[in-house]
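A.B. asks:
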Amino acid sequence: MELLERAAVLDALAEALTAARGSVVLVTGEAGIGKSALVRHFARRHATEARFLVGACDPLLTPRALGPLHDLGRQTGGRLAALLAAGGSREQLFTALLDELDGGGHQRVVVVEDAHWADEATLDLLVFLGRRIATTSALLVVTYRDDELAADHPLRTVVGRLPAESVRRLPLDGLSSAAVAELAHRAGRPATGLRALTGGNPLLVTEVLATADAGVPMTIRDLVLARVGGLPEEVREVLRLVAVIPTSAELWLLERLATVPASGVETAGLLVVRDDAVAYRHELLRRAVEGSLSVLHRRELNRRILAALSGGPVDVARLMHHAREAGDDGAVLRYGPEAARQAAAVAAHREAVGHYRAVLTHSERLGAPVPAEVLEGYSVECYLSGLSAEAVTARRNALALREAAGDREKVGDGLRWLSRLHWWDGNRTAAEETAAQAIAVLRELPPGPRLAMAYSNQAQLDMLAYRLSAAARWAAPAIELARQFGDQEILTHALTNIGTARLQGGDAGGRAALDEAFQVAVASGLDDHAARALCNLATTASELRDYRHAGADLDRALAFTRPRELAGYTQHLLGHRARLRLDRGDWPGAERDAREALAELVHGGARVVDALVPLGLLQARRGDPAADATLAEAADLAFATGDLQWIAPAVAARAEHRWLHGGADPALEETFALAVEAGQPWFAGELGYWLLLAGTPVPADLVAAEPYRLLFGGDWRGAAAAWEALGCPYHRALALAHSTDDAAVLEALAGLDALGARQTAERLRRDLRTRGVRVPRGPTRSTSVNPAGLTARQVEVLVLVADGLRDAEIATRLSLSTKTVGHHVSAVLAKLAVASRHEAAARAAELGIAPAKDGEPADGSWGRVPDSSRAESP
């Protein structure tokens, strides 16, 4: 049958099929718009040219992990099916499917339908295939309802991670009035008002035309129920049974539960029989029927289905769905823990949390005790999903049960776990207390692996507090016991602690220790510990401004944590990458990372400080009033942790914001003292800088990072060069701004304007006007972030071109080669679409980045760095 107004889309699919390299096609549109019909039509048209493999995502209360992959495995057979049956790892399963795409014979087309219902493991599969599809000749077609995706729906993130060059989007629109009229004509029905009623939705149009009533129903629910009501009772019985099964009903299941064969209901037009199962022709139809059932009727149907499924090899997630819908508390308690474990085994941690939550809810309703093992499993899955507060509560409840049972070894291990969770939740005091309690309890017992882990946990807390010697002292016996007992989990944990401490202390050999920790964890299948090793490697490099490694380390860590649903680590890493991008001048990228981190999970806990700080700094430098609230929240959360790693950046950021508005931060001096005591030169330097600008001199013997040390000594040129070497344009501009050379200060101003640092630039303009310097007009808001698409360096070059400098003079000013400047000038002329330097200068004035003719004097001053760090700042 012809599909109206879909020829162009079908041609686009055919074009993608015949392309030389594999690609992804995203077919999107609202429910009922015809996505599935389009794909089926495409498959029929090209059945002789390609082999079509179809998998579907199902609207279970807690989605079935890798449901579409199981569908595909049943169609492919071979290695993929064998691995699925044997419970193979995700990596094995994903690779087996990729190998299938390049198998012999016909070209492969993989269809994943209804991806808006995908579980997180399936979303990871889409990313895995999408990023490698170009290396095959296959076509991946993904359908989903884009109008039902919230801003934070994980599928949006998945689509964003697919290579743009391999992706084509095919949105489906409603049918035109002409097409609706044609359908009405074929059905022998009037088309009056039909387009307005249905919006051209093909499903709604078809269903309206299929009803025997003369009038047009007002809603699809009324439409569907009108059709159902006219059918024999035995047919309605089948429709109701199938309606409470979100996937599809196997023929054997219907034969067992219904009095009429499935073939007898297919002619009703609501159901279709595919292979060995029956399903509604569209999800909207199923929902309409299901919604018409009373609560008691729906529960009874689910009970019957659950009883029929319980005796066979059915996916436990499906059993859980029907158990919950049936209100069968016993079945939920019976199937829930195993469903959670299966989801966790394929890194579907959020699905595991959903199953555990159901177990707790139904246990409470029954008044039944929850086993400690279930609470501990729930706590771990919450921890891995970034739900730190829930993880703490579950572990506390489990610990109470262990204490009541008198199991001292598990009490000690529970205390150690609770220490980790308290720290993750931003409560260092409780973390320190429970760490000490864990060691005390486990020391009463013969030495064993749990005592070793308690030692390593204390080493971790010391490392995180920059108590590096103490960290080494606790890590040593942990490593010794780990090797003695052959425990790889404890070994990787302790190696991570000692490696991080060494890096923090300036020992580059710490990288090797962290890499060893990662390799040990990966070899043992310990994702959490492997992620922690990579996370510590990346975030320590970020803290120490080791930009030779930090960017690649952060990307590597994120590539590991994201597909494994390790949301807490992902949030932490995104925050650090946001700060790195901020420091290195990629402000749009910094904002994206910060906002993604804040949207990752529930807002709260220590990890969000990593993202709040760069976001707040962006807002402060741009003059966004939201900066005050963002940085206040960051400071509050940071102080609650008691950890310098969060307090120092939060206070420094808040101090910068307040300085931009002529104020000072009350916590600055105390935090500076803590950084000095901890021996952290970057924290001490940054805090000391803002302290100096607030009017308080820093000690002459202060151990600060190189750019700050040079600036404190009055060497603004050296500081600017140091920041230049690190690739930090904002900090370079700040260093130049401390010069008494007007040209250098104007260069700083150009750099700030290029970055879009409106508030900082305005602070400097006020100072320049006070000194009587001709001040370039600031960029307008429409051009300030990236005028004419120029890079920050190109804007600097353009400002100097507008000042009349030649290439050699610009090269001297910016410490570049003349040849490099020439390349920049050529790029500027091309982007501005001008032919000469004179025209470029005129265009720069139009953009608001060339010097204005008249400076406007105003009050204000820029803090001057003295010639000696002992001198007072005016």
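In the UniProt record's numbering, the protein residues as written are 1 to 874.
Backbone N, C-alpha and C define an ideal beta-carbon position, used for all residues, glycine too.
Predicted model, so just to flag it, every value in this text is computed and none were measured.
#1: How would you label residue 484, buried or exposed, when you count the other beta carbons within 10 angstroms and need 16 or more for buried?
#2: Could you check whether the segment 243–254 touches the segment 44–64, counting it as contact only if at least three pairs of C-beta atoms, one from each stretch, sit closer than 8 Å?
#3: Since residue 744 contacts residue 690 with CB under 8 Å, what's their CB separation in whole angstroms?
#4: Let's see if you can read the secondary structure: which residues bound the alpha helix (DSSP H) around residue 23?
#5: If distances are taken between C-alpha atoms only, which option among 24, 129 and 54 comes closest to residue 36?
#6: Counting along the chain, where does the beta strand (DSSP E) carrying residue 170 start and finish?
#7: I need the straight-line Cα distance from residue 102 to residue 587, nearest angstrom please.
#8: Suppose the cutoff is 8 Å on Cβ atoms and the five residues either side in sequence are ignored; what does the same chain contact list for residue 648 look like?
#9: Would a check of beta-carbon distances place residue 156 closer than 8 Å to chain D?
#10: With DSSP collapsed to three states, give me the class of residue 218.
#11: Determine the closest residue to residue 568 out of 820, 610, 549 and 503, with distance taken between C-alpha atoms.
#12: Return the chain-ordered ranges of every alpha helix (DSSP H) run that is complete within the segment 740–765 and spans a minimum of 4 residues.
#13: Between the C-alpha atoms of residue 511 and residue 535, what's the straight-line distance to the nearest angstrom?
#14: In the DSSP output, what is residue 55 paired with across the bridge?
#15: Exposed or buried, what is residue 20 when buried is set at 16 or more other beta-carbons lying within 10 Å of its beta-carbon?
#16: Identify every residue that forms a DSSP beta bridge with residue 250.
#17: Given this structure, state the Cα-to-Cα distance separating residue 175 from residue 202, to the nearest angstrom.
#18: Which residue comes first and which comes last in the alpha helix (DSSP H) that contains residue 353?
#19: Is it true that the CB of residue 827 sits closer than 8 Å to the CB of residue 794?
#20: So the alpha helix (DSSP H) residue 495 belongs to, where does it begin and stop?
#21: In terms of residue numbering, what span does the alpha helix (DSSP H) encompassing residue 242 cover?
#22: Exposed or buried, what is residue 119 when buried is set at 16 or more other beta-carbons lying within 10 Å of its beta-carbon?
#23: According to DSSP, residue 142 sits in a beta bridge with which residue or residues?
#24: Using the DSSP secondary-structure output, state which residues sit across from residue 513 in a beta bridge.
#25: Could you check which residue in 462, 790, 44 and 24 has the C-alpha nearest to that of residue 159?
#26: Hey, would you say residue 83 sits closer than 8 Å to residue 72, going by beta carbons?
#27: Within this structure, are the beta carbons of residue 529 and residue 523 separated by less than 8 Å?
#28: What separation, rounded to the nearest whole angstrom, lies between the Cα atoms of residue 464 and residue 592?
#29: Just mark residue 835 as buried or exposed, buried being the case when its beta carbon has 16 or more other beta carbons within 10 Å.
#30: Measure the Cβ-Cβ separation of residue 351 and residue 343 and say whether it is below 8 Å.
#31: Check this for me: beta carbons of residue 892 and residue 837, under 8 Å apart or not?
#32: Please classify residue 366 as buried or exposed, where buried requires at least 16 other C-beta atoms within 10 Å of its C-beta.
#33: Where does the unbroken alpha helix (DSSP H) through residue 11 begin, and where does it stop?
#34: How long is the line joining the alpha carbons of residue 581 and residue 589, rounded to whole angstroms?
#35: Where do the ends of the alpha helix (DSSP H) carrying residue 702 lie?
#36: Enumerated in chain order, which unbroken segments of the alpha helix (DSSP H) with a length of 4 residues or greater are wholly contained in the UniProt domain "HTH luxR-type" (783–848)?
C.D. replies: In this structure, then:
#1: Residue 484 sits at position 484 when you count from the first residue of the sequence shown. By the neighbour-count criterion, in which 16 or more other beta carbons inside 10 Å mark a residue as buried, residue 484 falls on the exposed side.
#2: yes
#3: In the sequence shown, residue 744 corresponds to position 744, counting from 1. In the sequence shown, residue 690 corresponds to position 690, counting from 1. Not confirmed; about 21 Å, so no contact.
#4: Residue 23 sits at position 23 when you count from the first residue of the sequence shown. Element bounds for residue 23: not the alpha helix (DSSP H) but the beta strand (DSSP E), 23–28.
#5: Position 36 of the sequence shown holds residue 36. Looking at the Cα atoms, 54 is the closest of the given residues.
#6: Translated into positions along the sequence shown, residue 170 becomes position 170. Segment 167–171, the beta strand (DSSP E) holding residue 170.
#7: Within the sequence shown, the letter at position 102 stands for residue 102. Within the sequence shown, the letter at position 587 stands for residue 587. Distance between the alpha carbons of residue 102 and residue 587: 41 Å.
#8: If you number the sequence shown from 1, residue 648 lands on position 648. Once the five neighbours on either side are set aside, the close Cβ partners of residue 648 are 671, 674, 675, 680, 683, 686 and 687.
#9: In the displayed structure, chain D is absent; only one protein chain is listed.
#10: Looking up residue 218 in the sequence shown gives position 218. Its pLDDT being 47, under 50, residue 218 is placed unreliably in this model, and the coordinates cannot settle the point.
#11: Here residue 568 is taken as the residue at index 568 of the sequence shown, counted from 1. It is 610 whose Cα lies nearest to the Cα of residue 568.
#12: 742–755
#13: Reading the sequence shown from its first residue, position 511 is the one you call residue 511. Reading the sequence shown from its first residue, position 535 is the one you call residue 535. Answer to the nearest angstrom: the Cα atoms are 12 Å apart.
#14: Working through the sequence shown from its first residue, we reach residue 55 at position 55. According to DSSP, which records beta bridges pairwise, residue 55 is partnered with 112.
#15: Taking the sequence shown and counting its residues from 1, the one referred to as residue 20 is at position 20. With fewer than 16 Cβ atoms within 10 Å of its Cβ, residue 20 is classed as exposed.
#16: As a working mapping, residue 250 is identified with position 250 in the sequence shown. Per DSSP, 277.
#17: Within the sequence shown, numbered from 1, the residue matching residue 175 stands at position 175. Within the sequence shown, numbered from 1, the residue matching residue 202 stands at position 202. Going from the Cα of residue 175 to the Cα of residue 202 covers about 7 Å.
#18: Here residue 353 refers to the residue found at position 353 of the sequence shown. Run containing residue 353: 349–366, per the alpha helix (DSSP H) assignment.
#19: Within the sequence shown, residue 794 is the residue found at index 794, counting from 1. Within the sequence shown, residue 827 is the residue found at index 827, counting from 1. Yes, Cβ-Cβ distance for residue 794 and residue 827 is below 8 Å.
#20: As a working mapping, residue 495 is identified with position 495 in the sequence shown. Note, residue 495: alpha helix (DSSP H), 488–504.
#21: To locate residue 242, count along the sequence shown from 1; it is residue 242. Residues 233–243.
#22: By 1-based counting over the sequence shown, the position of residue 119 is 119. Its Cβ being crowded by 16 or more others within 10 Å, residue 119 is buried.
#23: By 1-based counting over the sequence shown, the position of residue 142 is 142. Looking at the DSSP assignment, residue 142 forms a beta bridge with 26 and 112.
#24: Residue numbering aside, residue 513 sits at position 513 when the sequence shown is read from its first letter. DSSP output for residue 513 lists no bridge partner at all.
#25: As a working mapping, residue 159 is identified with position 159 in the sequence shown. The option with the nearest alpha carbon to residue 159 is 24.
#26: On the sequence shown, position 83 is the one that residue 83 refers to. On the sequence shown, position 72 is the one that residue 72 refers to. Cβ atoms of residue 83 and residue 72: not closer than 8 Å.
#27: On the sequence shown, residue 529 is found 529 positions in, with the first residue counted as 1. On the sequence shown, residue 523 is found 523 positions in, with the first residue counted as 1. Not in contact: residue 529 and residue 523 (Cβ atoms no closer than 8 Å).
#28: By 1-based counting over the sequence shown, the position of residue 464 is 464. By 1-based counting over the sequence shown, the position of residue 592 is 592. Cα to Cα, residue 464 sits roughly 27 Å from residue 592.
#29: Walking along the sequence shown from the start, residue 835 turns up at place 835. Under this definition residue 835 is an exposed residue.
#30: Here residue 351 is taken as the residue at index 351 of the sequence shown, counted from 1. Here residue 343 is taken as the residue at index 343 of the sequence shown, counted from 1. Going by C-beta atoms, residue 351 is nearer than 8 Å to residue 343.
#31: The first residue shown for the chain is 1 and the last is 874, placing residue 892 beyond what the model contains.
#32: Here the question's residue 366 lines up with position 366 in the sequence shown. Burial call: exposed.
#33: Translated into positions along the sequence shown, residue 11 becomes position 11. From DSSP, the alpha helix (DSSP H) with residue 11 extends over 7–18.
#34: Mapped onto the sequence shown, residue 581 falls at position 581. Mapped onto the sequence shown, residue 589 falls at position 589. Roughly 6 Å between the two C-alpha positions.
#35: For the purposes of this step, residue 702 is identified with residue 702 of the sequence shown, where counting begins at 1. Element bounds for residue 702: n/a, residue is neither H nor E.
#36: 792–802, 807–814, 818–832 and 837–847
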